[in-house]
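Everything on this sheet refers to the single structure shown next.
Protein chains: 2
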Amino acid sequence: MKRLFCLLALLAVPVLSRAQQAGVEAARAYRSAHAAEILADYVELLSMPNVGSDSVNIRRNARFIRDAFAARGFETELLPMPGAPPIVYGERRAPGAARTIGIYVHYDGQPADPTRWTHAPWTPTLYTASMEQGGAPRPMPAPGEAVDPGWYLYARSAGDDKAPLGALLPALDALEAAGLTLTSNVKLLFEGEEEMGSPHLGEYLSRFGDRYADVDVWLFCDGPVHQSRRPQLVFGVRGVTGMEITVYGATRSLHSGHYGNWAPVPGARLAHLLASMKAEDGDVLIDGFYDTVAPLSEAEKQALAALPAYDDQLRRELGLAETEAHNAPLAERLMLPSLTIRGLSSGNTGALARNVIPATATATLGIRLVKGNDPEHMLDLVEAHIRRQGYHIVYEAPDLDTRLRYPKIVRVDRSESGYPAARTPMDQPITERLVEAVTAAAEPPILVPALGGSLPLYLFSDVLGKPFVIVPIANHDDNQHAPDENLRLANLFYGIDLYAALLTMPE
Amino acid sequence: MKRLFCLLALLAVPVLSRAQQAGVEAARAYRSAHAAEILADYVELLSMPNVGSDSVNIRRNARFIRDAFAARGFETELLPMPGAPPIVYGERRAPGAARTIGIYVHYDGQPADPTRWTHAPWTPTLYTASMEQGGAPRPMPAPGEAVDPGWYLYARSAGDDKAPLGALLPALDALEAAGLTLTSNVKLLFEGEEEMGSPHLGEYLSRFGDRYADVDVWLFCDGPVHQSRRPQLVFGVRGVTGMEITVYGATRSLHSGHYGNWAPVPGARLAHLLASMKAEDGDVLIDGFYDTVAPLSEAEKQALAALPAYDDQLRRELGLAETEAHNAPLAERLMLPSLTIRGLSSGNTGALARNVIPATATATLGIRLVKGNDPEHMLDLVEAHIRRQGYHIVYEAPDLDTRLRYPKIVRVDRSESGYPAARTPMDQPITERLVEAVTAAAEPPILVPALGGSLPLYLFSDVLGKPFVIVPIANHDDNQHAPDENLRLANLFYGIDLYAALLTMPE
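One line per chain: the protein sequences are A and B, in this order. 634 is the number that this note's numbering gives the last residue of the first sequence; the numbers go up by one with no jumps. 634 is the number that this note's numbering gives the last residue of the second sequence; the numbers go up by one with no jumps.
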């Protein structure tokens, strides 16, 4: 509680070290003088197609990035794994530094359908403002020409997630140019298949984890800042799992006239089963669903209470008169596990609907997890609930004997590999340092206990056993995962200042 | 009740008139002597492709049938309607007859995918037994050669619904050859688009109904006999209607991590709505759903009680350990309106499932109607039920204002045009005559108050105001609507004998 008090006090009255102040000033001076060159370097990085499954191009990106960091004093290496893009490893030791920072970035991007983009996805195009704001394309600035922070640069991965690379490199250059030394050792972990679901990250960490054993804190450089454009630091993510359930009727679709009112209707059974799992107000009715939720710390509670009120605006945008749990705040709801229905299918709807009683009805359940929830245990709870509704559970399509023995049968498919949530304690000294750094670069950040989305950060917090903090720099309107992805240049500049502050933060 | 007593007595002790006995004997003698020719004539009829939408070929069928009946003393005409296959009209007056029988047959068949047939659908092929029984193809019999009633003739429409034509023509020839006169006037109504849903039948009847004004009873010649191979007479059909309902969440699919536990989940809402409509045991919970059901007559109740027990076998075949309403008999359940779910859809299931909260969830409801139910009124009841669950109903996709005003919104689509059920009273004199005729031709029939399936027979019973009885002759294993459709020759022979008995039944 004492530490928390310090943290909240910091948000109001940031205290900057002399070295950090010099670092941020160096960054600002450097990016003012070299804005056009910084932009040109970033355009070069964005010009390389970077879909993780495109093994030739993704390796071009990896080599380019490796070389860029090698040129800035890093010992570098491409960590190999058959069938996976390499991890770009880098290490730079700071004389006398007691702390080691790990920096995670992913250099791959989402696939892009060029027909849906205004410009080719890997032909970076500069705009005087965002397209939505009525911006117009403009040429790249000449060396020495002034750069407007309101400009937008359009390209795949401009926001997600090459932006941290585009900012970190000039931050290093700025400190070098000013003759400032880093206050932390730095280790790099740049992944090349995050958008594919990080299928090899766990294996990479178990194989190469030794190289990262001395990392004290992971800066997870991904995602956007707050919708209000205020900076934010995020201390957790939800985990994820899921299950597909299929309810059975007869062995084949039946004529709804000859059998309607007699044969069980799978869609009706599924409706009862799903209704039994979740109340109309959103409360999950599965026994034990909320029992393993780790309690919120005082720091987390206070951070939640301090979040900007945004729900009403979100409801208006999304056309929702009311949200679950009687308009309970989104940020609070994200601290609980959720049960949603990703998909329903049975027979056909619309023009293809036929007068039948379909043989099956299927629902795909999505479950988001919070700290304390074990993915497999949560699925076990769902199964136990299904059994309590009188269902016999099978894991393959039931044979005739099984069908004739059990009136109510559900097939459960648990083939989805989920992973747990992760949260880093907010009330620890590194938090204070990070808040100082963000404040030095911009203004006091919004502190978010956990994102609603899922990332496999448990690999860092629980497997490697080290704290992580998500440090986003991109604008929220960067169209990540969508056509016309972009980066607002003010966010690139914020990134440069922020990395300079992070690399010069006091012990 | 007195009349019913007579009816049931008849089933036990059939009394045949002398003329009818002569008619059936004439049919048996004729078909024994001319079996090969009868078969050859039927093969010719089956060789003409007869899909209703194939306007050239369907008209070839109509002309062929018209000519065949014209050659047998009928005044014939092709009743025209632009864009529809003609109705083959025919009339043959019997000297001194006080009664007029209407005979309905449809000469069109289901479309056929030749790749799924063992032989070309319109190349009739004779088998020594059914394919399932291990029958082998064999040549058509030579004139005079004996014909085994166990043979099966494979061709599209062999069972559904050219069989009545293939039987009626030789029945007429048999009576003519024996010098017997008809005891009823006969009017023909042969439809050419039943398999397309009889889209113009109502218009045909309102335009040409005068020609049929003197018909006393309609014999609806379609469908199969009982699964036990016993003959049956059917006195009703269920009506049909339906409705599609769509439940709304946000204006777009939402990331299930960022919004799960906060944004309403359309699939969960739909589950609650559907669960509220129908109990797990199959009982429909919509207020008034059973209120307009016309009560069963004593004759209908007794007929239901006399139906062969078949449910256990059906459950075994269909892999059902239990059916709705705790194994209540199928025949009884078909006398009540049914609510089934033809289809469900929301987002995706299976390999395409994504981690989203879909924007909508849709269910297509199927409703089968019984005598007394008005299709529109039943849909009104469903709407009233939806409103009672707190939903605001719209008929087009809701706009943003509507979304922001109402927390729970359902879009209702009532574009499906349904029609009511129809039942003919079982306890009237014509029933006794028909039972006598079937008994004369074979054995006492099973009397079925109503089929579960739907046919627009209300056009005959309620619009024309005349009783109808469904008089099937095809075998139940005739693969109607499927590849390798067929007719068992014993059923063709039963048809010939039956029509001879019907055409010679006493006043």
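Where a beta carbon is used, it is the ideal one built from N, C-alpha and C, also for glycine. These numbers were taken from a predicted model, which means no experiment stands behind them.
- Rounded to whole angstroms, the separation of the alpha carbons of Thr450/B and Asn606/A is 52 Å.
- Listed along the chain, the chain B residues whose CB falls inside 9 Å of the CB of Pro391/A are Gly409, Leu447, Glu449, Thr450, Glu451.
- For Tyr279/B, the enclosing beta strand (DSSP E) covers residues 279–281.
- Around Ile413/A, no beta-carbon contact reaches into chain B at under 8 Å, the shortest distance being about 13 Å.
- Counting along the chain, Thr529/A sits inside the alpha helix (DSSP H) bounded by residues 527–532.
- When 7 Å is used as the limit between beta carbons, Leu463/B is near these residues of chain A: Asn388, in chain order.
- For the beta strand (DSSP E) assignment, the uninterrupted runs of no fewer than 3 residues enclosed by the stretch 477–561 of chain A are, from N- to C-terminal side, 487–496, 519–521, 536–540.
- Classified as buried, Thr566/B has 16 or more neighbouring CB atoms from the shown chains inside 10 Å of its CB.
- The residues Met175, Pro176, Asn177, Val178, in chain order, have a CB closer than 8 Å to that of Asn184/A in the same chain once the five nearest residues on each side in sequence are set aside.
- With contacts defined as CB atoms closer than 9 Å, Ile494/B and Gly369/B qualify as a contacting pair.
- In the displayed model, Glu320/B falls within coil according to three-state DSSP, outside both helix and strand.
- Across the set Asn500/B, Tyr522/B, Glu563/B, Val537/B, the C-alpha of Asn500/B shows the shortest separation from the C-alpha of Ala549/B.
- According to the DSSP secondary-structure assignment, Ser581/A is paired through a beta bridge with Arg365/A.
- The stretch 351–367 of chain A makes contact with the stretch 570–587 of chain A, as at least three CB pairs between them are under 8 Å.
- At the C-beta level, Leu309/B and Ala198/B stay beyond 9 Å of one another.
- Of the residues assessed, Arg532/A falls on the exposed side of the cut-off, its CB having fewer than 16 other CB atoms within 10 angstroms.
- Taking 8 Å as the upper bound on Cβ-Cβ separation, chain B lies near residues Thr491, Gly493, Arg495 of the stretch 491–506 of chain A.
- Shown here, Ile192/A sits in a helix according to DSSP, grouped into three states.
- By the criterion of at least three beta-carbon pairs nearer than 8 Å, the stretch 293–303 of chain A is not in contact with the stretch 319–330 of chain A.
- Excluding the 5 residues flanking it on each side, Ile520/B has same chain C-beta neighbours closer than 7 Å at Glu510, Ile513, Arg514, Val537, Val539, in chain order.
- Under the DSSP assignment, Ile165/A falls in the alpha helix (DSSP H) whose first and last residues are 162–173.
- The shortest CA-to-CA distance from Leu466/B to any of Met505/B, Ala448/B, Met258/B, Lys428/B is the one to Met505/B.
- The stretch 206–213 of chain A makes contact with the stretch 311–320 of chain A, as at least three CB pairs between them are under 8 Å.
- Taken in chain order, the complete beta strand (DSSP E) segments of 3 residues or longer contained in the stretch 327–408 of chain B are 344–347, 359–361, 366–375.
- Of the residues assessed, Tyr331/A falls on the buried side of the cut-off, its CB having 16 or more other CB atoms within 10 angstroms.
- Residues Thr491, Gly493 of the same chain have their beta carbon placed closer than 6 Å to that of Arg469/B, with the five preceding and five following residues left out of the count.
- Pairing Phe587/B with Thr529/B, the inter-Cα distance amounts to about 45 Å.
- Pairing Ala577/A with Gly363/A gives a Cβ-Cβ distance under 9 Å.
- Taking a beta-carbon distance threshold of 9 Å, Thr551/B does not count as an interface residue toward chain A.
- Met208/A is outside the set of residues whose beta carbon lies under 9 Å from a beta carbon in chain B.
- Look at Asn482/A: its C-beta is under 9 Å from a C-beta on chain B.
- Residue contact with chain B for Tyr533/A: present (Cβ-Cβ distance below 9 Å to some residue of chain B).
- The Cβ neighbour count for Gln148/A, taken over all protein chains shown within 10 Å, is under 16; the residue is labelled exposed.
- Not a single C-beta of chain A is nearer than 9 Å to the C-beta of Glu427/B.
- The beta-carbon of Leu397/A is placed less than 9 Å from the nearest beta-carbon of chain B.
- Here the alpha carbons of Val483/B and Leu381/B stand approximately 5 Å from one another.
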